[in-house]
Structures are given as structure tokens and as C-alpha cells.
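Colleague:
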Amino acid sequence: MKEVTIKYKSNKTLAALRELGKYLNFSIADQNAKAVIESRGDINGIPIIAGDKSIDISELHDVFTNKNLSAKQLREIAWQRRK
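Our numbering puts the sequence shown at residues -6 to 76.
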């Protein structure tokens, strides 16, 4: 599918383009949504999505402090398969 970028100043222009898109069969994508999609990456075919920076993880500090857990130990403990 071909893609075109249109710059506009007025929200009325966007509304007109959306109405026109209904009749001419084209879609309008939000630039912010496109930036999120582009921030994804792949490692061996597995999609990597950036985390949400607004989440407060300070409550987890007490859970992991002074436990001397490595990532390997944490995986072995937490990711057990149930048989």
C-alpha cells in the first residue's frame, strides 16, 4: 500500500480529509501511533515493544533488595512449567 504524508495547520482540514477518505477509500493514521509502531524491534522474529515509562516500580524495590538473585535464578524460580 502506498503512503502519503500531508501537513496541515487546521483541525478543520483533518476533518475534511477524514470525510473525503470515506468516499475515496483511504485511511488516516495518527503520527503518534506511527511513532509507537516504529519503536518496536525484533529479535529472532520475536517483537520487542518498549515499556511504559509512566509506571511506578518503586514498590518492587523492597521485594528484590538484598536477595542476591541473578536473572538466571529468578527465571529458574519463577518460570517453572507445571506438569
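We put the beta carbon where it would ideally sit given N, CA and C, even for glycine. These figures come from a predicted structure and were not determined experimentally.
Taking the Cβ atom as the reference point for each residue, do R11 and I(-1) lie within a distance shorter than 8 Å?
Modeller: Stepping through the sequence shown from its first residue, residue 11 is reached at position 18. Stepping through the sequence shown from its first residue, residue -1 is reached at position 6. Not in contact: R11 and I(-1) (Cβ atoms no closer than 8 Å).
Colleague: Do D35 and I41 count as a contact pair if the criterion is CB distance below 8 Å?
Modeller: As a first step, residue 41 is located in the sequence shown; it is residue number 48 there, counting from the start. As a first step, residue 35 is located in the sequence shown; it is residue number 42 there, counting from the start. Yes, Cβ-Cβ distance for I41 and D35 is below 8 Å.
Colleague: State the DSSP-derived secondary structure class of I50, mapped to helix, strand or coil.
Modeller: Within the sequence shown, the letter at position 57 stands for residue 50. I50 falls in the coil class under three-state DSSP.
Colleague: Express the C-alpha separation of F57 and A64 in angstroms, rounding to a whole number.
Modeller: The count along the sequence shown starts at 1 and reaches residue 64 at position 71. The count along the sequence shown starts at 1 and reaches residue 57 at position 64. About 11 Å.
Colleague: Between which residues of its own chain and N4 is the CB-CB distance below 8 Å, once the five residues before and five after are set aside?
Modeller: Here residue 4 refers to the residue found at position 11 of the sequence shown. Cβ neighbours of N4 beyond the five flanking positions: none.
Colleague: Return helix, strand or coil for I70, following the three-state DSSP convention.
Modeller: The sequence position of residue 70 within the sequence shown is 77, counting from 1. Note: I70 maps to helix in three-state DSSP.
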